[in-house]
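In the UniProt record's numbering, the protein residues as written are 1 to 209.
For every residue, glycine included, the Cβ atom is placed at its ideal position computed from N, Cα and C.
Quick caveat, the model's predicted, so the values are computed rather than measured.
Reading through the structure tokens given below for one structure.
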């Protein structure tokens with residue numbers, strides 16, 4: 001198979017297809033400086049996730065941020081040459097690649113008996129074991145770009161759907177499943193000034209939604 005065939009390639013069964021060259025640049029340098037920064041997962045228990053990603057897989061906590069409706073934990077692998085303490089990782093976190101964000105939806109109604117590290121609400125499953133009732137799974141990919149507004153303009157020009165523009169900072173613009181069903185009386189509010197951070201973030205929907 002050669003690079004002149006259909007792109008992306010659909011290789012036949014057998015050895016991996018390795019491209020002979022990098023894709024032809026067609027954006028006139030518009031993506032210079034783009035960095036794949038992090039993947040975000042929604043989790044049911046910070047304690048369980050830390051046991052897996054930190055204790056088992058050896059990642060380190062870079063920082064944790066409680067924004068009111070959610071708490072975000074950023075994890076990454078320490079560079080022994082440059083990272084003496086977690087604050088070294090935190091200072092460079094915006095430009096790093098390969099980070100993991102764990103999103104934990106805070107619940108004000110969880111009772112003390114149901115707490116695990118930060119208010120994980122749990123329920124009993126049919127076999128009597130305790131099971132988290134929170135939504136979990138994929139949340140978003142995080143890319144660092146030099147100019148978010150310009151990137152959104154390019155997205156719209158190419159026909160991609162912008163889910164959250166820069167000027168929208170209400171909680172419902174954080175695309176987490178279930179939040180769109182919040183009633184007006186239980187509308188969530190950002191805390192700790194997170195709306196300033198959220199105002200620098202935008203979301204664009206990929207082809208599969």
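- Integer-rounded CB distance, given that residue 165 should sit under 8 angstroms from residue 176: In the chain shown, residue 176 corresponds to position 176, counting from 1. In the chain shown, residue 165 corresponds to position 165, counting from 1. Actually they are not in contact, since the Cβ atoms of residue 176 and residue 165 sit about 18 angstroms apart, beyond 8 angstroms.
- Message: Could you tell me the alpha carbon to alpha carbon distance between residue 137 and residue 197, rounded to whole angstroms?
- Response: Your numbering for residue 137 matches position 137 in the chain shown. Your numbering for residue 197 matches position 197 in the chain shown. So the two alpha carbons sit approximately 23 angstroms from each other.
- Query: What is the rounded straight-line gap between the Cα of residue 47 and the Cα of residue 100?
  - Reply: As a first step, residue 47 is located in the chain shown; it is residue number 47 there, counting from the start. As a first step, residue 100 is located in the chain shown; it is residue number 100 there, counting from the start. Residue 47 and residue 100: Cα-Cα distance of roughly 15 angstroms.
- Query: With burial defined as no fewer than 16 other Cβ atoms inside 10 Å of the residue's Cβ, what is the status of residue 62: buried or exposed?
  - Reply: Residue 62 sits at position 62 when you count from the first residue of the chain shown. Residue 62 comes out buried.
- Query: For residue 41 versus residue 139, is the C-beta distance shorter than 8 angstroms?
  - Reply: In the chain shown, counting from the first residue as 1, residue 41 sits at position 41. In the chain shown, counting from the first residue as 1, residue 139 sits at position 139. Taking a C-beta distance under 8 angstroms as the contact criterion, residue 41 and residue 139 qualify as a contact pair.
- Message: Is the beta carbon of residue 204 closer than 8 angstroms to that of residue 163?
- Response: Residue numbering aside, residue 163 sits at position 163 when the chain shown is read from its first letter. Residue numbering aside, residue 204 sits at position 204 when the chain shown is read from its first letter. Cβ distance < 8 angstroms, so residue 163 and residue 204 count as in contact.
- Task: Would you tell me roughly how many angstroms separate the C-alpha atoms of residue 111 and residue 191, rounded to the nearest one?
- Result: Taking the first residue of the chain shown as position 1, residue 111 is located at position 111. Taking the first residue of the chain shown as position 1, residue 191 is located at position 191. Because the pLDDT at residue 111 is just 34, under 50, the model does not fix this residue reliably, and the value given afterwards should be weighed accordingly. A direct Cα-to-Cα measurement between residue 111 and residue 191 gives close to 21 angstroms.
- Task: State buried or exposed for residue 43, treating a residue as buried only when at least 16 other CB atoms are found within 10 Å of its CB.
- Result: The residue labelled residue 43 in the question sits at position 43 within the chain shown. Note on residue 43: 16 or more other CB atoms within 10 angstroms of its CB, so buried under the neighbour-count rule.
- Query: Looking at the structure shown, is residue 137 part of a helix, part of a strand, or coil, going by DSSP?
  - Reply: As a working mapping, residue 137 is identified with position 137 in the chain shown. Note: residue 137 maps to strand in three-state DSSP.
- Item | When 193, 59, 170 and 7 are compared against residue 98, the one with the closest alpha-carbon | Taking the chain shown and counting its residues from 1, one reaches residue 98 at position 98. Out of 193, 59, 170 and 7, 59 has the C-alpha closest to the C-alpha of residue 98.
- Message: Let me confirm a value: residue 202 is counted as buried when at least 16 other C-beta atoms fall within 10 Å, else exposed. Which label applies?
- Response: On the chain shown, position 202 is the one that residue 202 refers to. Buried is the call here.
- Item | Opposing strand residues paired with residue 243 [DSSP bridges] | Residue 243 lies beyond the range of the chain shown here (1 to 209); nothing can be said about it.
- DSSP state of residue 22 mapped onto helix, strand, coil: As a working mapping, residue 22 is identified with position 22 in the chain shown. Residue 22: coil per DSSP, three-state reduction.
- Query: Which residues in the same chain as residue 55 place their Cβ atom closer than 8 angstroms to its Cβ, once the five residues preceding and following it in sequence are excluded?
  - Reply: In the chain shown, residue 55 corresponds to position 55, counting from 1. Apart from sequence neighbours up to five positions away, no residue of its chain approaches residue 55 with a beta-carbon distance below 8 angstroms.
- Where are the beta strand (DSSP E) runs, 3 residues long or more, that stay fully inside the region 7–91, in chain order? Along the region 7–91, the beta strand (DSSP E) occurs as fully enclosed runs of 3 or more residues at 35–42, 60–66 and 70–76, listed in sequence order.
- Message: Let me check one thing: in DSSP terms, what residues is residue 102 bridge-paired to?
- Response: On the chain shown, position 102 is the one that residue 102 refers to. According to DSSP, which records beta bridges pairwise, residue 102 is partnered with 41 and 73.
- Message: My output table needs one value for residue 188: the three-state DSSP class, helix, strand or coil.
- Response: By 1-based counting over the chain shown, the position of residue 188 is 188. Note: residue 188 maps to coil in three-state DSSP.
- Going by Cα to Cα distance, which pick from 13, 30, 14 and 7 is closest to residue 21? Locating residue 21 in the chain shown gives position 21, where the first residue counts as 1. Closest option to residue 21, Cα to Cα, is 7.
- Of the choices 158, 189 and 150, whose alpha-carbon is the least far from that of residue 34? The residue given as residue 34 occupies position 34 in the chain shown. Selected option, being the one with the closest Cα: 150.
- Just curious, the alpha helix (DSSP H) that residue 176 is in, first and last residue? For the purposes of this step, residue 176 is identified with residue 176 of the chain shown, where counting begins at 1. The continuous stretches of alpha helix (DSSP H) do not include residue 176, and DSSP gives it neither H nor E.
- Item | Rounded separation between residue 207 and residue 23 - CA only | For the purposes of this step, residue 207 is identified with residue 207 of the chain shown, where counting begins at 1. For the purposes of this step, residue 23 is identified with residue 23 of the chain shown, where counting begins at 1. In this structure, the straight-line span from the alpha carbon of residue 207 to that of residue 23 is close to 20 angstroms.
- Message: Just to confirm the assignment, what range does the alpha helix (DSSP H) spanning residue 154 have?
- Response: Reading the chain shown from its first residue, position 154 is the one you call residue 154. Segment 148–157, the alpha helix (DSSP H) holding residue 154.
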